[in-house]
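Residue numbers (our numbering): 202 to 581.
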C-alpha cells in the first residue's frame, strides 16, 4: 500500500466517532490474529463493542473482515507517527518492547494492555524491560505473575496490573485438534508417520544448525517431514530455506511451511521436533502429545535471566513433555520418535496435569480478557 493510502487510513481513523475508537488492537502481522481472536469475538459478539484493529500486514485477512463491529486499518510506514499520537482509551498489543525502540507510548492518556503470543517464561527469551511500559498484562499462568513481580521488585519498578487471563490460542488449538481427531475416526485409511520440525529463531536453532542433516535422516527412514521455520528465520535467512527446498522439494514426503497462521501441521504431525520455541507448549498442551527436543544452545535474549533465580518454564517442562537428544546423535532421532509415540498415553496424562497446574482459565480465557478490558473503560 502506498504512503498516500496510509495517510488516508490515518485520516479515516481520525474521523471516527470517539465511541468507535475506545478500544484498539494492533498486530505486527497476520500471524498474531489467533492470539486476539477470542477476546475480539467476546467484545464484538457478546458485548457489541466496536473495535479498531490496526495491522502492519498488507495481506492480513482482518482487512477483509465482515464483522460489522471491527474497523480495520493498515498502517506500516507511518506506524511510529500513528502510535506516538494515538488517541484511544485502551490499546491492546502482543508486541514487546513498547517505548524501548521506535514504537513509543502515545502522548495522550492511553491504557496499554499486553496479550502474550507465546507461553514461554518472561525473563529469558525476551529482552530486558520487554514489558516495562505496559499498564496491564494478561498473564497466561501463575509462573508469569511470579516472574514479573520478582523482576519488578528487583528493579524497583511500579507494580503493573497482572491479570489471571489464560491463553486463548492454546484453547483454539485444543478444540480444533479434537475436531480433527473426530474426522480421522470417520475416515478410512492410514498415513505415514509425520514429523513437524518447528524451532525458534537465531543462529543455533534446529533448522540453521542441523536442519539439512535431520531432514535427510527422517526422509530416509520413511517419515513425512514438515519444516516450519520461525517467521524471523524466514525473514533473516531465506537462502537456507531455498536450499532446503531445492534439496528436498522433489520428495512427496517433504513440505516447507512458511506461514505460522494456520495450525493444520500441528494436527497432522505425530511428533514435534524443536529446541525452545514456544510451539512446544502449543503442540504438547494443545494436542497432548510428546515433543523431541534437540539440545542446541538456547536462544537467550536476557543474559541476566538467572538473577530471578526462577527456572524458565520452557526449560523445566521439557523432561515432562518429552525427551532431549544431542545434535551429535541425530542418527538416533528415528528411534527416539518411535519410543515417544509408543509412550504417548503416559505423556498425555502428564501433559494434562501440567496444563491444569500452569494455565489459567483453560476454556474460558477470552471472557476473562474481555471482561478486564471493559473494566478499564469503566474505571478510567
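Just so you know, even glycine gets a beta-carbon here, dropped at the ideal spot from N, CA and C.
Proximity winner among 562, 285, 496, 265, relative to residue 515 (alpha-carbon distances): One-based indexing of the chain shown puts residue 515 at position 314. Of 562, 285, 496, 265, the residue nearest in Cα terms is 496.
Own chain residues within Cβ distance below 7 Å of residue 223, not counting five before or after: Within the chain shown, numbered from 1, the residue matching residue 223 stands at position 22. Once the five neighbours on either side are set aside, the close Cβ partners of residue 223 are 289, 290, 291, 578.
Residue environment, residue 470, which counts as buried when at least 16 other CB atoms sit within 10 Å: In the chain shown, the residue the question calls residue 470 occupies position 269. Classification of residue 470: buried, given that the 10 Å Cβ count is 16 or more.
Beta-carbon proximity list for residue 255, same chain, < 6 Å, skipping 5 on both sides: For the purposes of this step, residue 255 is taken as the residue at position 54 of the chain shown. Contacts found: 227, 274, 276.
Terminal residues of the alpha helix (DSSP H) in which residue 571 lies: Here residue 571 corresponds to residue number 370 of the chain shown, with the count starting at 1. Segment 566–580, the alpha helix (DSSP H) holding residue 571.
The region 558–568 contacting the region 496–509, beta-carbon criterion three pairs below 8 Å: no
Continuous alpha helix (DSSP H) stretch holding residue 345: start and end: In the chain shown, the residue the question calls residue 345 occupies position 144. Element bounds for residue 345: 343–355.
Complete alpha helix (DSSP H) runs within the region 456–486 (minimum length 4 residues, chain order): 465–469
Pair within 8 Å by beta-carbon distance, residue 219 and residue 261: In the chain shown, counting from the first residue as 1, residue 219 sits at position 18. In the chain shown, counting from the first residue as 1, residue 261 sits at position 60. No, the pair does not count as a contact, with Cβ atoms beyond the cut-off.
Member of 439, 372, 483, 436 whose CA lies at the smallest distance from the CA of residue 565: Position 364 of the chain shown, counted from the start, is the residue given in the question as residue 565. The residue with the shortest Cα to Cα distance from residue 565 is 372.
CA-to-CA distance, residue 215 to residue 461, given in whole angstroms: Taking the first residue of the chain shown as position 1, residue 461 is located at position 260. Taking the first residue of the chain shown as position 1, residue 215 is located at position 14. Distance between the alpha carbons of residue 461 and residue 215: 32 Å.
Cβ-based burial, residue 283 [other Cβ within 10 Å; buried from 16]: Taking the first residue of the chain shown as position 1, residue 283 is located at position 82. Buried: at least 16 other Cβ atoms inside 10 Å.
Residue 494 beta carbon less than 8 Å from that of residue 525: As a first step, residue 525 is located in the chain shown; it is residue number 324 there, counting from the start. As a first step, residue 494 is located in the chain shown; it is residue number 293 there, counting from the start. Contact flag set, yes.
Whole-angstrom C-beta distance between residue 503 and residue 324, which should lie under 8 Å: The residue labelled residue 324 in the question sits at position 123 within the chain shown. The residue labelled residue 503 in the question sits at position 302 within the chain shown. So it is a contact: roughly 6 Å between Cβ atoms.
Neighbourhood of residue 370 by C-beta, 6 Å cutoff - its chain only, sequence neighbours within 5 removed: Taking the chain shown and counting its residues from 1, the one referred to as residue 370 is at position 169. Only 235, 236 meet the Cβ criterion.
Inter-residue spacing [alpha-carbon to alpha-carbon] between residue 265 and residue 252: Residue 265 sits at position 64 when you count from the first residue of the chain shown. Residue 252 sits at position 51 when you count from the first residue of the chain shown. Between residue 265 and residue 252, the C-alpha separation is close to 15 Å.
Residue nearest to residue 272 in terms of C-alpha spacing, selected from 297, 217, 307, 491: Stepping through the chain shown from its first residue, residue 272 is reached at position 71. That would be 217, whose Cα lies nearest to the Cα of residue 272.
Contact under 8 Å by Cβ, residue 398 with residue 474: Against the chain shown, residue 398 aligns to sequence position 197. Against the chain shown, residue 474 aligns to sequence position 273. Cβ distance < 8 Å, so residue 398 and residue 474 count as in contact.
Beta-carbon proximity list for residue 245, same chain, < 7 Å, skipping 5 on both sides: What you label residue 245 is simply residue 44 of the chain shown in a count that begins at 1. 252, 268, 270, 271.
Beta-carbon proximity of residue 482 to residue 320, cut-off 8 Å: Translated into the one-based positions of the chain shown, residue 482 becomes position 281. Translated into the one-based positions of the chain shown, residue 320 becomes position 119. Yes. Within cutoff.
Nonlocal neighbours in the same chain, by C-beta distance under 6 Å from residue 535, ignoring five residues either side: Numbered from its first residue, the chain shown carries residue 535 at position 334. Once the five neighbours on either side are set aside, the close Cβ partners of residue 535 are 422.
Every unbroken beta strand (DSSP E) within the region 273–323, with a cutoff of 3 residues, ordered by chain: 291–294, 312–316
Spatially closest choice to residue 396 from 354, 490, 339, by CA coordinates: Taking the chain shown and counting its residues from 1, one reaches residue 396 at position 195. For the residues 354, 490, 339, the minimum Cα distance to residue 396 belongs to 490.
Alpha carbon of residue 353 to alpha carbon of residue 570, nearest angstrom: Here residue 353 refers to the residue found at position 152 of the chain shown. Here residue 570 refers to the residue found at position 369 of the chain shown. Cα to Cα, the separation comes out at about 23 Å.
Residue burial classification, residue 476 (beta-carbon count within 10 angstroms, cutoff 16): Position 275 of the chain shown, counting from 1, holds the residue named residue 476. Classification of residue 476: buried, given that the 10 Å Cβ count is 16 or more.
Nearest-angstrom Cα separation, counted from residue 297 out to residue 305: As a first step, residue 305 is located in the chain shown; it is residue number 104 there, counting from the start. As a first step, residue 297 is located in the chain shown; it is residue number 96 there, counting from the start. The straight-line gap from Cα to Cα measures roughly 11 Å.
Beta-carbon proximity of residue 315 to residue 339, cut-off 8 Å: Working through the chain shown from its first residue, we reach residue 315 at position 114. Working through the chain shown from its first residue, we reach residue 339 at position 138. It is a contact, given that the beta carbons lie within the stated cut-off.
Neighbourhood of residue 439 by C-beta, 7 Å cutoff - its chain only, sequence neighbours within 5 removed: For the purposes of this step, residue 439 is taken as the residue at position 238 of the chain shown. Once the five neighbours on either side are set aside, residue 439 has no close Cβ partner at all.
Beta-carbon proximity check, residue 375 vs residue 523, cutoff 8 Å: For the purposes of this step, residue 375 is identified with residue 174 of the chain shown, where counting begins at 1. For the purposes of this step, residue 523 is identified with residue 322 of the chain shown, where counting begins at 1. Taking 8 Å as the Cβ cut-off, residue 375 and residue 523 do not qualify as a contacting pair.
Supposed contact pair residue 454 and residue 485 - C-beta distance, whole angstroms, cut 8 Å: In the chain shown, the residue the question calls residue 485 occupies position 284. In the chain shown, the residue the question calls residue 454 occupies position 253. Wrong, their Cβ atoms sit about 24 Å apart, outside the cutoff.
Run of the beta strand (DSSP E) containing residue 425, from where it starts to where it stops: Counting from one through the chain shown, the residue named residue 425 turns up at place 224. 425–428 is the extent of the beta strand (DSSP E) around residue 425.
Buried or exposed by the 16-neighbour rule on C-beta atoms within 10 Å, applied to residue 308: Taking the first residue of the chain shown as position 1, residue 308 is located at position 107. Residue 308 should be labelled exposed.
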